[in-house]
Amino acid sequence: MRDILRADQVSLLEIADFNTSGLAGPTRADVTAGEEALDFVNFLRNVGAARDTHHGGGTYGYGKTSLYALSRASTIIADTQTTCDGISVRRIMGCHLGDAFEAVTHGERRRFTGRHWWGRDDAEGGVEPIEGAEATELSELLGFPQRDENRPGTTIAIVAPHVDRGEDLRAELVETVLWNFWPRMCSFTPTERKIDVRLEFEGEQVTIPAPENYPPLDLYAEALRNVRGEGDGEVTTIRSARPIADLGHLAIVRGLHAPRNLMALRDESPMREQAHSIALMRPVELVVRYLPGEAFADKRFEWAGVFICSKEDEIEKAFAVAEPPAHDDWIPDMLPKGRAKTYVNVALRELKLAAATYVQPKAALGAGEDRGPSVAKTAAKLGRLLSKTSGKGPGRATSLGGAGSRKKITISAPRFTGLELHDGQRVARFEAELTNDGSRPELLLQVSPHLVLDGSSTSAEDLPGDITIDLLDLSLEDRIAGPEGIRIEDEQGIVSCRVTVPDDAAVGIRFSFEEGEAA
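For the sequence shown, our numbering begins at 2 and goes up steadily by one.
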């Protein structure tokens, strides 16, 4: 500490919150608080304290030790605008977390915990925080944010942090905030739950992008919207059979591997590579960890998922207690044998299975089951790769006619409608909507089938000789044609076709218009 203070400058890493309750309550651990919060005592006096906030983020409170570990002096300063006994109060106090030691005091050898505080002498051999106008004056001298009764909250200053200055640190701070707090920073997060994070780096304001504009968090954000019931994507309920319980909800979203923000191109960035994980969280919606799964072999595509455990008190508590002091995992072995441990074990088992099989779904076959062609397996792949395809990728509507023309001939992007078996061969059915103003009756509507590999299409020329994809038929209203295509004449409505599907693969189609001979 002396060496650090002798330096010309002492750097501080400040973490400040506003419009919160601050470190409220009494300042001493031996004072009964009654109904009042014990935030100050639990943060600065006690090493660990059980969670006392319903569905709160922290469970034990040990995570604060990471603040001391980040300091080269193992020292922090806490400045808080809060209340005690219903009265507004400003407090500031320093704290050092060191090693235990023995020393002789008043002629006796005593053992000390290694914890030190800076504040005012309480005349009983202890230290109390500086309060009132004196605390306000000291905080201003230290350059802390201004506070009063209308700006309650806390500033934690980490003295001489273990950080290397530079652009990489700026990017690392931005991404650390986004990677951990993005669920509470999305534009669609309710105002009462939204966190507005602002970053100042060496006196300069740094813009933190919205998660929806910072790939791959855009996919995670879409999955979160689905889990909240605000999107139109598929949501799966993770269930326990014994005991019977709904453990939470899972949504997974896939998309094109979008270009990364410049900050995410650092080698250390957690968002640089192809996304293929499920973000795990409790209803407080702070990320606990990312559970990795199988990535698409084609790096042009990626997927992201979100799982939020149930709000039911018994289940939410099970996941909360399963978190270690750092709150960065769910560890079932931290729980005693019983219902709570089963909840966490079952959820993790099902989530690991979902992450491992999302790209390549596994067929569930019993010992006595026929191991012939699996329609369900291929349907799952087609559903993953073809349903609700983003407009940014393949599968856009096809149209004819100039921009200024009122005449219009268009066909929508194809949609997969199901699978069937035809002479022992898997066959995929597709539909599309044809709009036809009758201005070009000679046009031929044609279909080009292709193999889909991990979300991308492969032309017939690239396929091995033993793999073929055939168009069985193409129909428009009550007319049926073959691979040569069908003349649109003046008809419009539903166009449907059937395409053969190779074993253990998925297929897609493209529609196109070709000039035909006039009738």
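We treat Cβ as the ideally placed atom computed from N, Cα and C, and that holds for glycine.
Determine the direct distance from the alpha carbon of Lys-338 to that of Pro-326, and round the result to whole angstroms.
-> 20 Å
Would you identify the three-state DSSP class for Pro-503, choosing helix, strand or coil?
-> coil
Minimum C-alpha distance to Glu-274 - residue among Pro-284, His-258, Ala-280, Arg-283 | His-258
Quick one: using the 10 Å Cβ neighbour count with 16 as the cut-off for buried, is Ser-67 buried or exposed?
-> exposed
Would you decide whether Lys-65 is buried or exposed? Buried here means 16 or more other CB atoms lie within 10 Å of its CB.
-> buried
So Gly-494 packs on Glu-478, CB below 8 Å; how close in whole Å?
-> 5 Å
Only counting runs of 3 or more residues, tell me where the beta strand (DSSP E) segments fall wholly within the stretch 237-270, in order along the chain.
-> 237-241, 246-257
Pick out whichever of Val-164, His-277, Asp-219, Glu-15 has its Cα sitting closest to the Cα of Leu-143.
-> Glu-15
Please determine, among Pro-442, Arg-121, Gln-447, Ile-470, the residue with the shortest C-alpha to C-alpha distance to Val-453.
-> Ile-470
Flag this pair as yes or no: are the beta carbons of Asp-247 and Thr-237 separated by less than 7 Å?
-> no
Assign Ser-497 to one of three DSSP states: helix, strand, or coil.
-> strand
For the beta strand (DSSP E) holding Ile-412, just list the boundary residues, first then last.
-> 410-412
Apply the 10 Å Cβ neighbour rule to Asp-197 and answer buried if 16 or more other Cβ atoms are within range, or exposed otherwise.
-> exposed
Quick one: any contact between the stretch 175-193 and the stretch 154-163, if contact means 3 or more CB pairs under 8 Å?
-> no
Cross-strand partners of Gly-154 (DSSP beta bridge) | Gln-82
How about Val-307 and Val-178: do their beta carbons lie closer than 7 Å?
-> no
The alpha helix (DSSP H) enclosing Thr-343, as first and last residue numbers | 340-358
Put Gly-62 into one of helix, strand or coil per three-state DSSP.
-> Only weak support is given to the placement of Gly-62: the predicted model assigns it a pLDDT of 48, under 50, and the question is left unresolved by the model.
For Gln-147, does the count of other Cβ atoms within 10 angstroms reach 16, so buried, or fall short, so exposed?
-> exposed
Is it right to say Gln-206 is buried, meaning 16 or more other beta carbons lie within 10 angstroms of its own, or is it exposed?
-> exposed
Using DSSP with H/G/I as helix, E/B as strand and the rest coil, what is Tyr-291?
-> strand
Report all residues from its chain with a CB closer than 7 Å to the CB of Ala-104; omit the five preceding and five following residues, and keep chain order.
-> Arg-111, Phe-113
Candidates Phe-202, His-277, Val-285: closest to Glu-295 by CA position | His-277
Could you tell me the boundaries of the beta strand (DSSP E) in which Ala-437 lies?
-> According to the sequence provided, residue 437 is Asn. The question's Ala does not apply to it. Start and end: 426-437.
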